[in-house]
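Visitor:
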Amino acid sequence: MATLSRVSLPAVMVGLATGLLLGLVTTSHADHELPKPPPLWSPLDEAERLALIDVPGGMVQVPAGPFLMGSDPRVDRAAGPQEQPQHQVYVDAFQIDRFEVSNVNYLRYVLATGAPWPHYWREQPFPEKIAKHPVIGVSWREADAYCRWRGARLPTEAEWEKAARGEDGRMFPWGNEPAGWIKSNIAHPGSKRGAKYPPLANVDRYQNGVSPYGVYQLAGNVSEWVSDWFDPEYYRREENRNPIGPTTGQDKVFRGGSWN
8 MATLSRVSLP AVMVGLATGL LLGLVTTSHA DHELPKPPPL WSPLDEAERL ALIDVPGGMV
68 QVPAGPFLMG SDPRVDRAAG PQEQPQHQVY VDAFQIDRFE VSNVNYLRYV LATGAPWPHY
128 WREQPFPEKI AKHPVIGVSW READAYCRWR GARLPTEAEW EKAARGEDGR MFPWGNEPAG
188 WIKSNIAHPG SKRGAKYPPL ANVDRYQNGV SPYGVYQLAG NVSEWVSDWF DPEYYRREEN
248 RNPIGPTTGQ DKVFRGGSWN
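At position 120 of the sequence shown the residue is numbered 127 (my numbering), and the sequence of numbers has no breaks.
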């Protein structure tokens with residue numbers, strides 16, 4: 008089980024091209040056939056229907072103040088070198104989504120802007136049974152564009168970590184005990200790894216594993232993009248007040264999750 012570990016992924020832009028051509032066929036025969044009726048179903052019709060599904064939302068307030076960022080290998084034996092040293096950071100107050108972005112909420116953005124459908128939606132958006140699952144297969148640039156459309160932004164890595172662990176230096180959002188898969192959607196021996204869709208959970212599940220500020224699944228389900236560039240040595244020279252990460256880089260940081 009991963010703690011609040013730090014990893015990176017190349018910021019690759021993934022596009023999805025789709026098209027629909029509607030035509031009217033005529034004939035010169037006197038007794039020509041009537042035009043065929045339009046199809047009873049289309050991916051767009053299904054998308055518009057799915058977009059009406061009610062999903063949880065809202066933001067929580069994280070107060071200003073200091074917290075311990077990073078990991079102490081004396082306490083967390085799984086701590087990697089890029090998570091050290093543990094150090095105190097101060098962040099101003101901010102708001103953050105209570106839940107991961109669901110398929111439905113991302114679909115509303117796609118329908119409103121014409122943004123590409125995520126790769127995992129294929130020819131149609133997604134089955135209704137995973138409407139409340141977190142959206143996956145979204146690049147950093149696509150995640151950034153979604154946030155801007157909402158009039159918001161991606162959190163910094165420091166903001167994400169404070170929202171996840173609070174101010175008492177805990178290892179997990181719910182405390183210091185791993186607690187297995189009872190408090191978060193993490194990989195375990197019974198997981199269905201061969202399923203068509205990853206074994207994700209609805210964004211509002213695992214209420215007993217929320218962070219001190221009430222944010223869900225920051226140590227399980229899927230990983231979340233943050234705004235920072237990745238540098239494995241950054242913690243050794245990080246600003247101690249409202250850090251925003253390195254000024255340049257090749258990879259962006261993502262945090263949390265169990266199904267990447």
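Glycine included, C-beta positions come from ideal geometry on N, C-alpha and C.
By a C-beta neighbour count over all protein chains shown, 10 Å radius and 16 as the cutoff for buried, is M178 buried or exposed?
Guide: By one-based count along the sequence shown, residue 178 stands at place 171. Buried, since its Cβ has 16 or more Cβ neighbours within 10 Å.
Visitor: Is G216 helix, strand or coil by DSSP?
Guide: For this step, residue 216 is matched to residue 209 along the sequence shown. Reduced to three states, the DSSP call for G216 is helix.
Visitor: For a test of the three-state rule: what should DSSP assign to Q224, helix, strand or coil?
Guide: The residue given as residue 224 occupies position 217 in the sequence shown. Note: Q224 maps to coil in three-state DSSP.
Visitor: Rounded to the nearest angstrom, what separates V117 and W124 at their Cα positions?
Guide: Within the sequence shown, residue 117 is the residue found at index 110, counting from 1. Within the sequence shown, residue 124 is the residue found at index 117, counting from 1. Taking the straight line joining both Cα atoms gives about 7 angstroms.
Visitor: Considering only residues of the same chain and omitting the five flanking positions on each side of S234, which have a CB-CB separation below 6 angstroms?
Guide: Counted from its first residue, the sequence shown places residue 234 at position 227. These residues qualify, in order along the chain: L161 and T163.
Visitor: The beta strand (DSSP E) that contains Y97, what's its start and end?
Guide: Within the sequence shown, numbered from 1, the residue matching residue 97 stands at position 90. Its beta strand (DSSP E) spans residues H94 to V98.
Visitor: Buried or exposed, going by whether 16 or more other CB atoms sit within 10 Å of the CB of V82?
Guide: For the purposes of this step, residue 82 is identified with residue 75 of the sequence shown, where counting begins at 1. Exposed, because fewer than 16 other Cβ atoms sit within 10 Å of the Cβ of V82.
Visitor: Please confirm if the stretch 72-79 is in contact with the stretch 220-231, defined as three or more CB-CB distances below 8 angstroms between the two stretches.
Guide: Judged by Cβ distances under 8 angstroms, the stretch 72-79 makes no contact with the stretch 220-231, as fewer than three pairs qualify.
Visitor: Check whether the stretch 89-103 touches the stretch 252-267, counting contact only when three or more Cβ pairs, one atom from each stretch, lie closer than 8 angstroms.
Guide: Contact between the stretch 89-103 and the stretch 252-267 is absent, because fewer than three Cβ pairs lie under 8 angstroms.
Visitor: Reducing DSSP to helix, strand and coil, say where W124 ends up.
Guide: The residue given as residue 124 occupies position 117 in the sequence shown. Coil.
Visitor: Within its chain, find whatever has a CB closer than 8 angstroms to the CB of L207; leave out the 5 residues flanking it on each side and keep chain order.
Guide: Translated into the one-based positions of the sequence shown, residue 207 becomes position 200. Closer than 8 angstroms at Cβ, skipping near neighbours: I137, H140, P141, I143, N192, N228, V229 and W266.
Visitor: In angstroms with no decimal places, state the Cα-to-Cα distance between A119 and N112.
Guide: The residue given as residue 119 occupies position 112 in the sequence shown. The residue given as residue 112 occupies position 105 in the sequence shown. The alpha-carbon atoms of A119 and N112 are separated by roughly 11 angstroms.
Visitor: Take the Cβ of L51 as the centre, count every other Cβ of all protein chains shown within 10 Å, and call the residue buried at 16 or more, exposed below.
Guide: Translated into positions along the sequence shown, residue 51 becomes position 44. When all chains shown are included, L51 counts as exposed.
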